[in-house]
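Trainee: This is the structure I have questions about; it appears just below.
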Amino acid sequence: MLSTLPRADRVVLHDISWQQFENLLANLGESRSARIAYDRGTLEIMTFLPEHEYYKETIGDAVKDIAEVLEEDYESLRSTTWKRKLEKAGVEPDNCFYFQNEAKIRGKLQFDLDRDPPPDLVLEIDLTSKSLDRFPIYARLGVPEIWCYDSGELKIYQLAGEAYVEVEMSSIFPQLPVRELPGLIDRYRSAGRRSLRQAVREWARSKSGKSFGKTNHLPKPDDRSLHPLAKQRGRIQTSG
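Residue 211 in my numbering sits at position 204 of the sequence shown, and the numbers go up by one each step.
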């Protein structure tokens, strides 16, 4: 059964067997813009708009920049397809990272969640209100932490038993208030990606106490670039 939703960038298929899901993945191939999620017979296929892709890349870059500042080993596998046949669950996140389990997967190019640990962190950009709830999928795959960005806010969820609970601090970067990242990103968006990444690194150094070496001059942020909802909520803080 096929359900089309009001937006042209999304389609939902029902009563899809696991073998049909596997066949669809093979037919679609890896060089595609659409991403999928599968949950016990329901399949969602989505393509995304530029705003979604901007925050996916920018928040993903921020995770990498913070890891570099904190000198933490990590691996980024972007929108890899994660699946477990036994759980009838499959999903392609907006981005995903290994931190705590990085050493266990270092150098690997093929993954099997029946043997390998799942990513330690998954990033979901939820600007398009995905119709298929991905949290139960991630829970059955065993992903311990999800960052979910939506409309100027970054929420952190951690797996507790079989469900996720929202928390204030990330287990990936417990020394940093990572929920401030959307405000920082929106403040520096008009300055360009290089200046934005520089600002994220300086922020990470300042918040973590790693303010060493020469501090580069950062461009003055332009308040016109703030996300409208962020401005309404008054959540943007200007650092010294």
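The beta carbon of each residue, even a glycine, is placed where N, CA and C say it ideally should be.
Keep in mind it's a predicted model, so treat the numbers as computed, not measured.
Of the residues Lys71, Glu99, Thr87, which one's Cα is nearest the Cα of Tyr45?
Mentor: Taking the first residue of the sequence shown as 1, we reach residue 45 at position 38. Tyr45 has its Cα closest to that of Glu99, out of Lys71, Glu99, Thr87.
Trainee: Using beta-carbon positions only, say whether Leu161 and Pro181 come within less than 9 Å of one another.
Mentor: The sequence position of residue 161 within the sequence shown is 154, counting from 1. The sequence position of residue 181 within the sequence shown is 174, counting from 1. No, the pair does not count as a contact, with Cβ atoms beyond the cut-off.
Trainee: In whole angstroms, what separates the C-alpha of Gln205 from that of Asp16?
Mentor: Here residue 205 refers to the residue found at position 198 of the sequence shown. Here residue 16 refers to the residue found at position 9 of the sequence shown. Those two C-alpha atoms are separated by around 33 Å.
Trainee: Quick check on DSSP: helix, strand or coil for Lys111?
Mentor: Mapped onto the sequence shown, residue 111 falls at position 104. In the structure shown, Lys111 sits in a helix (DSSP, three-state: H, G or I).
Trainee: Of the residues Val70, Lys90, Trp89, Thr54, which one's Cα is nearest the Cα of Glu82?
Mentor: On the sequence shown, residue 82 is found 75 positions in, with the first residue counted as 1. Nearest option by C-alpha distance: Val70.
Trainee: Quick check: what's the CA-CA separation for Met176 versus Val18?
Mentor: As a first step, residue 176 must be located in the sequence shown, where it is residue number 169. As a first step, residue 18 must be located in the sequence shown, where it is residue number 11. Taking the straight line joining both Cα atoms gives about 34 Å.
Trainee: My understanding is that Asp133 touches Ile179, with C-beta atoms under 8 Å, so please give their C-beta distance in whole angstroms.
Mentor: Taking the sequence shown and counting its residues from 1, one reaches residue 133 at position 126. Taking the sequence shown and counting its residues from 1, one reaches residue 179 at position 172. Not quite, the Cβ-Cβ distance comes to about 19 Å (not below 8 Å), so this is no contact.
Trainee: Exposed or buried, which one is Gly114 when buried takes at least 16 other CB atoms within 10 Å?
Mentor: For the purposes of this step, residue 114 is identified with residue 107 of the sequence shown, where counting begins at 1. Under this definition Gly114 is an exposed residue.
Trainee: Just to confirm, does Glu75 get its C-beta within under 8 Å of one of the non-hydrogen atoms of the ligand FAD?
Mentor: Because no ligand of any kind appears in the structure shown, any question about the ligand FAD cannot be addressed here.
Trainee: Which ranges would you report for the alpha helix (DSSP H) in the stretch 29 to 115 if only whole runs of at least 4 residues count?
Mentor: The qualifying runs are 57 to 76, 109 to 112.
Trainee: Tell me the rounded alpha-carbon separation between Ile43 and Thr65.
Mentor: Numbered from 1 along the sequence shown, position 36 holds the residue referred to as residue 43. Numbered from 1 along the sequence shown, position 58 holds the residue referred to as residue 65. C-alpha separation (whole angstroms): 21 Å.
Trainee: Using a Cβ-Cβ cutoff of less than 8 Å, which residues in the same chain neighbour Lys92 once the five nearest sequence positions on both sides are dropped?
Mentor: The residue labelled residue 92 in the question sits at position 85 within the sequence shown. If we look at Lys92 and ignore the five residues flanking it on each side, its Cβ neighbours are Trp25.
Trainee: Compute the beta-carbon to beta-carbon distance between Asp72 and Ala170, rounded to the nearest angstrom, for a pair I have assumed lies under 8 Å.
Mentor: Taking the sequence shown and counting its residues from 1, the one referred to as residue 72 is at position 65. Taking the sequence shown and counting its residues from 1, the one referred to as residue 170 is at position 163. Contact flag wrong, Cβ pair sits at about 31 Å.
Trainee: Please report the Cβ distance between Thr49 and Leu130, rounded to the nearest whole angstrom; I am assuming they are in contact, meaning their Cβ atoms lie under 8 Å.
Mentor: Mapped onto the sequence shown, residue 49 falls at position 42. Mapped onto the sequence shown, residue 130 falls at position 123. So it is not a contact: roughly 22 Å between Cβ atoms.
Trainee: Rounded to a whole number of angstroms, what is the C-alpha to C-alpha distance between Asp68 and Leu120?
Mentor: Along the sequence shown, read from residue 1 onward, the residue named residue 68 stands at position 61. Along the sequence shown, read from residue 1 onward, the residue named residue 120 stands at position 113. Rounded to whole angstroms, Asp68 to Leu120 spans 25 Å at the Cα level.
Trainee: When the Cα atoms are used, what is the spatial distance from Ile112 to Ser202?
Mentor: Within the sequence shown, residue 112 is the residue found at index 105, counting from 1. Within the sequence shown, residue 202 is the residue found at index 195, counting from 1. Taking the straight line joining both Cα atoms gives about 32 Å.
Trainee: What residues in its chain sit with their C-beta under 6 Å from that of Val185, if we drop five residues either side in the sequence?
Mentor: Translated into the one-based positions of the sequence shown, residue 185 becomes position 178. For Val185, where only same-chain residues beyond five positions count, the Cβ hits under 6 Å are Ser177.
Trainee: Apart from the five residues just before and just after Arg6, which ones in its own chain have a Cβ nearer than 6 Å to its Cβ?
Mentor: An answer regarding residue 6 cannot be provided, because it is not within the stretch 8 to 247 covered by the chain.
Trainee: Could you compute how far the alpha carbon of Leu20 sits from the alpha carbon of Trp154?
Mentor: Here residue 20 is taken as the residue at index 13 of the sequence shown, counted from 1. Here residue 154 is taken as the residue at index 147 of the sequence shown, counted from 1. Near 26 Å, if we compare the C-alpha coordinates of Trp154 and Leu20.
Trainee: Among Val150, Glu94, Lys214, Arg47, which one has its Cα closest to the Cα of Asn102?
Mentor: The count along the sequence shown starts at 1 and reaches residue 102 at position 95. Comparing Cα positions, the closest option is Val150.
Trainee: For a quick check, are the C-beta atoms of Arg147 and Ala96 less than 9 Å apart?
Mentor: Within the sequence shown, numbered from 1, the residue matching residue 147 stands at position 140. Within the sequence shown, numbered from 1, the residue matching residue 96 stands at position 89. Going by C-beta atoms, Arg147 is nearer than 9 Å to Ala96.
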